[in-house]
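Colleague: The sequence shown begins at 44 in our numbering and counts up one residue at a time.
The beta carbon of each residue, even a glycine, is placed where N, CA and C say it ideally should be.
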Amino acid sequence: MVTPGNKQNCLLRKCYEMIFVTVGSQLPFDRFIRAVDEIAPLLSGKEIIAQVFGMKYQPRNIQTLDYIAPAEFRDYVQSAELIVSHAGTGTILSVSELKKPLIVFPRSGRLRETRSDHQMATCRMLEKTCGLQVAYNEEELARKIQDFLENKLPVMDPISPFASDELIASIRDFIRPQSVLRLL
């Protein structure tokens with residue numbers, strides 16, 4: 044099995060030319076993997092490794108892994124030249140913390156890929172506030188990946204893995220009156 048932490052493996056392949064794709068671990072995302080699989084032959088021989096879950100679609104041009112342990116996931120992210128992901132906040136935070144280039148392809152509630160359009164809302168907000176690179180359809184995904192490889196799209200602004208002082212203060216202000224009322 045290909046593992047990015049294996050130095051011998053990295054000597055045999057160009058780790059920095061690998062694109063890591065992830066769909067998360069809760070729902071399949073065939074439309075996303077199909078789009079990446081169709082783009083793959085146009086990417087000058089880039090190795091594409093995708094973490095997938097419960098798919099019906101069988102890719103022909105990319106390597107897939109059904110499960111990746113958290114430590115191994117981090118290794119793949121660190122080794123990749125580019126990460127292309129569903130819009131899971133855990134993945135976005137992990138990639139941001141490692142300051143890696145990221146293109147996000149959100150699931151669509153309208154297409155029944157998720158229960159709601161929360162991934163679309165997350166993307167719209169982070170696109171405006173942090174410069175997240177978002178592809179809302181298959182054509183945009185192909186263009187953004189190609190743009191990254193040709194022009195190096197900017198890395199989004201880092202997102203802290205910790206709550207801001209303002210958020211903590213707001214939560215404290217909200218909780219304090221409730222606590223005082225319970226004591227009375």
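Thinking just about the alpha-carbon of each residue, which of 62, 71, 65, 61 is nearest to the one in residue 155?
Modeller: 71
Colleague: Please work out which residues of its chain come closer than 6 Å, Cβ to Cβ, to residue 54, disregarding the five sequence neighbours upstream and downstream, and give them in chain order.
Modeller: Note that residue 54 has pLDDT 40, beneath the 50 cutoff, so the model's placement of it is unreliable and no number is given.
Colleague: Note down the Cα distance separating residue 80 from residue 210, rounded to an integer number of angstroms.
Modeller: Computed Cα separation, rounded: 41 Å.
Colleague: Hey, could you find the ends of the alpha helix (DSSP H) residue 157 is sitting in?
Modeller: Neither: residue 157 is in no alpha helix (DSSP H) and is coded neither H nor E.
Colleague: State buried or exposed for residue 102, treating a residue as buried only when at least 16 other CB atoms are found within 10 Å of its CB.
Modeller: It counts as buried.
Colleague: Would you call residue 215 buried or exposed, if buried means 16 or more other Cβ atoms sit within 10 Å of its Cβ?
Modeller: The residue in question, residue 215, is exposed, as its Cβ has fewer than 16 Cβ neighbours within 10 Å.
Colleague: Identify the continuous beta strand (DSSP E) that holds residue 26 and give its terminal residues.
Modeller: Examination of residue 26 is not possible in this model, given that the chain is present from 44 through 227 alone.
Colleague: Any contact of the region 113–125 with the region 150–164, i.e. 3+ C-beta pairs under 8 Å?
Modeller: no
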